[in-house]
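**Q**
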Amino acid sequence: MLSNLKPQAPDSILKLIEEFKADTRQGKIDLGVGVYKDPQGVTPVMRAVKAAEQRIWETQTTKAYTGLAGEPEYRNAMARMVLKDVPGDRLASLATVGGTGAIRQALELARLANPGATVYVSNPTWPNHLSIMKFMGLPFVEYRYFDAETRGVDFDGLKADIARAGKGDIVLLHGCCHNPTGANLSMEQWDEVAAILEKSGAIPLIDLAYQGFGDGLEEDAAATRMIAQRLPEVLIAASCSKNFGIYRERTGILFALAENTAARDLAQGSMAFLNRQNYSFPPDHGARVVSTILTDDALRADWAAELEEVRNTMLGLRSQLASELRDLSGSDRFDFIGQHRGMFSRLGATPEQVAKLKSDAAIYMVGDSRLNIAGLNQHTVPVLARAIIDAGI
Ligand code: PLP
Ligand code: TYF
10 MLSNLKPQAP DSILKLIEEF KADTRQGKID LGVGVYKDPQ GVTPVMRAVK
60 AAEQRIWETQ TTKAYTGLAG EPEYRNAMAR MVLKDVPGDR LASLATVGGT
110 GAIRQALELA RLANPGATVY VSNPTWPNHL SIMKFMGLPF VEYRYFDAET
160 RGVDFDGLKA DIARAGKGDI VLLHGCCHNP TGANLSMEQW DEVAAILEKS
210 GAIPLIDLAY QGFGDGLEED AAATRMIAQR LPEVLIAASC SKNFGIYRER
260 TGILFALAEN TAARDLAQGS MAFLNRQNYS FPPDHGARVV STILTDDALR
310 ADWAAELEEV RNTMLGLRSQ LASELRDLSG SDRFDFIGQH RGMFSRLGAT
360 PEQVAKLKSD AAIYMVGDSR LNIAGLNQHT VPVLARAIID AGI
């Protein structure tokens with residue numbers, strides 16, 4: 010039986026990790042996988058996470074199963090963090106295996122509710138979105154997103170394309186810090202998106218994997234909150250991997266906003282059912298760390314302060330890189346790097362130029378020229394800037 014299996018295409022981002030490890034050159038620079046690294050190149054355990062883990066170790070008396078949908082403390086704390094004003098009578102929630110698990114369960118839920126749904130995804134998007142939909146056999150179409158000329162959003166293209174989504178179709182949107190481009194919608198543009206969805210009855214699925222990495226914890230959730238207030242049905246898949254730095258704990262959440270309480274109860278039941286079909290109970294440790302932090306004023310303040318340091322470090326690197334490139338190129342054509350938000354920017358280089366950065370300068374980025382800003386530090390920014398110019402980008 011097993012010999013019938015076919016080789017699976019590797020994830021292009023995860024493949025890069027292995028290639029980087031195998032490179033023996035001194036001074037190699039990893040701008041691949043989206044993991045935050047401090048200026049020393051370390052992905053730290055956040056202070057509040059350590060403190061919460063200690064508290065859990067000291068006080069936890071059982072590791073018996075949680076609920077199928079996860080612990081209410083976690084789901085309520087996350088609802089407040091993401092939505093702020095929580096419409097409790099309309100909100101169903103499900104603890105999931107990371108943000109990826111939340112996306113998977115959101116798509117499963119959509120398919121259960123509307124087997125004919127087509128999913129609209131941005132072009133480009135996080136490769137895992139496409140891979141999961143292909144695996145599930147879900148029909149999907151891409152909407153225009155990235156303007157290769159300006160390295161901003163092709164908003165006219167986006168509007169025209171998402172307007173084709175019909176009632177009950179799903180429009181997958183990145184709530185902030187678009188992966189892989191770093192180009193984002195303004196609040197005015199989000200308003201227009203909401204109006205299009207209001208008119209068509211298509212349902213937004215918001216992937217919120219970087220709250221706190223762009224313009225701030227509240228600012229990064231503003232679009233999601235506005236959509237949640239305006240539209241009758243909304244799905245939100247949030248990840249705690251980045252903003253709590255608990256990648257390997259696999260902590261995420263799916264929210265489903267329903268039109269009324271009866272539909273909310275149906276959604277809640279189906280969501281718990283989906284967890285049971287896949288892995289029964291969701292993992293608890295990361296979720297408990299998150300709820301411990303979010304429900305304690307001192308821990309929350311310390312966590313928010315450290316997250317702010319992380320965000321500002323990335324912003325500093327963005328402006329340093331944009332300014333080095335302005336000097337070296339004698340033009341403003343790289344200014345978009347300072348305007349992008351989140352961990353990533355898409356340079357808009359050709360695959361050959363990306364390959365040249367790897368072969369000539371030992372600089373690793375994803376083949377579509379996505380670079381992880383957090384892979385840089387003050388000293389490597391000038392090295393990258395020089396290499397970008399040398400590669401003819
Ligand atoms: N969505 C996007 C756009 C991402 O970049 C990521 C990656 O980390 C995720 C979702 C899910 O992350 P995780 O499953 O690690 O929580
Ligand atoms: O885009 C990234 O780099 C992160 C990490 O299958 C990641 O989102 C990459 C690929 C993957 C899971 C996580």
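Take 10 as the starting number for the sequence shown in the numbering used here and just add one per residue.
Every residue, glycine too, gets a C-beta built ideally from N, C-alpha and C.
Keep in mind that this is a model prediction, so the values were computed, not measured.
#1: On the DSSP bridge list, what partners appear for Ala-104?
#2: Which full runs of the alpha helix (DSSP H) of 4+ residues lie inside the segment 254-334, going along the chain?
#3: Mind the definition here: the segment 219-227 touches the segment 174-189 only if three or more C-beta pairs lie below 8 Å; say whether that holds.
#4: Quick check on this structure: which residue in Val-375, Asp-399 and Lys-30 has the alpha carbon closest to the alpha carbon of Asp-20?
#5: Measuring straight from C-alpha to C-alpha, what distance separates Ile-212 and Tyr-152?
#6: Just reading off the alpha helix (DSSP H) that Leu-181 is part of, what are its end residues?
#7: Of all the options Pro-391, Val-390 and Tyr-373, which has the alpha carbon lying nearest to the alpha carbon of Ile-26?
#8: Taking the beta strand (DSSP E) that Val-130 belongs to, which residues open and close that run?
#9: Determine, using beta-carbon pairs with one atom in the segment 302-320 and one in the segment 135-145, whether at least three such pairs fall under 8 Å.
#10: Check this for me: beta carbons of Ala-371 and Glu-333, under 7 Å apart or not?
#11: Indicate, with yes or no, if ligand 1 has a heavy atom lying under 6 Å from the CB of Ser-131.
#12: Would you mind reading off the limits of the beta strand (DSSP E) that contains Pro-96?
#13: Consult DSSP for Pro-213 and reduce its assignment to one of helix, strand or coil.
#14: According to DSSP, simplified to helix, strand and coil, what is Tyr-74?
#15: Shortest alpha-carbon distance to Thr-159 belongs to which of Leu-118, Arg-355, Asp-224 and Leu-263?
#16: Between the Cα of Ala-276 and those of Thr-70, Val-106 and Ala-122, spot the shortest distance and give me the residue it belongs to.
#17: When you compare only the Cα positions, how much space is there between Ala-358 and Arg-379?
#18: How far does the beta strand (DSSP E) with Val-150 in it reach, from first residue to last?
#19: Of the residues Ala-383, Glu-62 and Asp-369, which one's Cα is nearest the Cα of Arg-34?
#20: Answer yes or no: do Gly-166 and His-349 have a C-beta to C-beta separation smaller than 7 Å?
#21: Would you mind reading off the limits of the beta strand (DSSP E) that contains Leu-356?
#22: Do Asp-98 and Thr-270 have their C-beta atoms within less than 7 Å of each other?
#23: Report buried or exposed for Ser-340, applying the criterion of at least 16 other Cβ atoms within 10 angstroms of its Cβ.
#24: Work out the CA separation of Ala-383 and Leu-324 for me, nearest whole Å.
#25: Across which residues does DSSP place Ser-248 in a beta bridge pair?
#26: Quick one: what does DSSP say Arg-160 is sitting in, helix, strand or coil?
#27: Between Ile-171 and Val-202, which are expected to be in contact by the criterion C-beta below 8 Å, what is the C-beta distance as a whole number of angstroms?
#28: Taking the C-alpha atoms as reference points, what is the distance between Gln-329 and Ser-338?
#29: What are the partner residues of Tyr-373, as DSSP defines its beta bridges?
#30: What is the DSSP secondary structure of Arg-239, reduced to helix, strand or coil?
#31: Would Val-243 pass as an interface residue toward chain D - the criterion being a Cβ-Cβ separation below 7 Å?
#32: Less than 7 Å between the C-beta atoms of Ala-111 and Leu-263, yes or no?
#33: Given a cut-off of 7 Å on the beta-carbon distance, is the pair Gly-43 and Asn-381 in contact?
#34: Over the uninterrupted alpha helix (DSSP H) stretch that includes Asn-13, give me the two end residues.
**A** Walking through what the data contain:
#1: If you number the sequence shown from 1, residue 104 lands on position 95. According to DSSP, which records beta bridges pairwise, Ala-104 is partnered with Ile-262.
#2: 270-287 and 294-303
#3: yes
#4: By one-based count along the sequence shown, residue 20 stands at place 11. Closest by alpha carbon: Val-375.
#5: Position 203 of the sequence shown, counting from 1, holds the residue named residue 212. Position 143 of the sequence shown, counting from 1, holds the residue named residue 152. Ile-212 and Tyr-152: Cα-Cα distance of roughly 15 Å.
#6: Indexing the sequence shown from 1 puts residue 181 at position 172. Careful: Leu-181 lies outside any alpha helix (DSSP H), inside the beta strand (DSSP E) at 179-183.
#7: Taking the first residue of the sequence shown as position 1, residue 26 is located at position 17. Closest option to Ile-26, Cα to Cα, is Tyr-373.
#8: Locating residue 130 in the sequence shown gives position 121, where the first residue counts as 1. First-last of the beta strand (DSSP E) with Val-130: 128-132.
#9: no
#10: Reading the sequence shown from its first residue, position 362 is the one you call residue 371. Reading the sequence shown from its first residue, position 324 is the one you call residue 333. Contact flag unset, no.
#11: For the purposes of this step, residue 131 is identified with residue 122 of the sequence shown, where counting begins at 1. Result no, Cβ not under 6 Å from ligand 1.
#12: As a working note, residue 96 is residue 87 in the sequence shown. Neither: Pro-96 is in no beta strand (DSSP E) and is coded neither H nor E.
#13: As a position in the sequence shown, residue 213 is number 204, starting the count at 1. Three-state result, Pro-213: strand.
#14: Within the sequence shown, numbered from 1, the residue matching residue 74 stands at position 65. Here Tyr-74 sits in coil by DSSP.
#15: Position 150 of the sequence shown, counted from the start, is the residue given in the question as residue 159. Cα-wise, what sits closest to Thr-159 is Arg-355.
#16: In the sequence shown, the residue the question calls residue 276 occupies position 267. Ranking the options by Cα distance to Ala-276, first place goes to Ala-122.
#17: Mapped onto the sequence shown, residue 358 falls at position 349. Mapped onto the sequence shown, residue 379 falls at position 370. Rounded to the nearest angstrom, the two C-alpha atoms are 9 Å apart.
#18: Working through the sequence shown from its first residue, we reach residue 150 at position 141. Unbroken beta strand (DSSP E) run through Val-150: 149-153.
#19: Taking the first residue of the sequence shown as 1, we reach residue 34 at position 25. Out of Ala-383, Glu-62 and Asp-369, Asp-369 has the C-alpha closest to the C-alpha of Arg-34.
#20: For the purposes of this step, residue 166 is taken as the residue at position 157 of the sequence shown. For the purposes of this step, residue 349 is taken as the residue at position 340 of the sequence shown. Contact flag unset, no.
#21: As a working mapping, residue 356 is identified with position 347 in the sequence shown. Per DSSP, Leu-356 belongs to no beta strand (DSSP E) and is neither H nor E.
#22: Here residue 98 refers to the residue found at position 89 of the sequence shown. Here residue 270 refers to the residue found at position 261 of the sequence shown. Yes, Cβ-Cβ distance for Asp-98 and Thr-270 is below 7 Å.
#23: As a first step, residue 340 is located in the sequence shown; it is residue number 331 there, counting from the start. Exposed, by the Cβ-count rule.
#24: Mapped onto the sequence shown, residue 324 falls at position 315. Mapped onto the sequence shown, residue 383 falls at position 374. Those two C-alpha atoms are separated by around 9 Å.
#25: Here the question's residue 248 lines up with position 239 in the sequence shown. Partner(s): Gly-261.
#26: Here residue 160 is taken as the residue at index 151 of the sequence shown, counted from 1. In the structure shown, Arg-160 sits in coil (DSSP, three-state: anything other than H, G, I, E or B).
#27: Within the sequence shown, residue 171 is the residue found at index 162, counting from 1. Within the sequence shown, residue 202 is the residue found at index 193, counting from 1. The pair is a contact, with the Cβ atoms about 7 Å apart (cut-off 8 Å).
#28: Counted from its first residue, the sequence shown places residue 329 at position 320. Counted from its first residue, the sequence shown places residue 338 at position 329. Going by the C-alpha atoms only, they are around 14 Å apart.
#29: Here residue 373 is taken as the residue at index 364 of the sequence shown, counted from 1. Paired residues: Asp-39.
#30: Here residue 239 is taken as the residue at index 230 of the sequence shown, counted from 1. Three-state DSSP puts Arg-239 in a helix.
#31: Protein chain content of the structure displayed is limited to a single chain, and chain D is not contained in it.
#32: Here the question's residue 111 lines up with position 102 in the sequence shown. Here the question's residue 263 lines up with position 254 in the sequence shown. Yes, Cβ-Cβ distance for Ala-111 and Leu-263 is below 7 Å.
#33: Here residue 43 refers to the residue found at position 34 when the sequence shown is read from its first residue. Here residue 381 refers to the residue found at position 372 when the sequence shown is read from its first residue. Yes, Cβ-Cβ distance for Gly-43 and Asn-381 is below 7 Å.
#34: Looking up residue 13 in the sequence shown gives position 4. That residue, Asn-13, is in no alpha helix (DSSP H); it is neither H nor E in DSSP.
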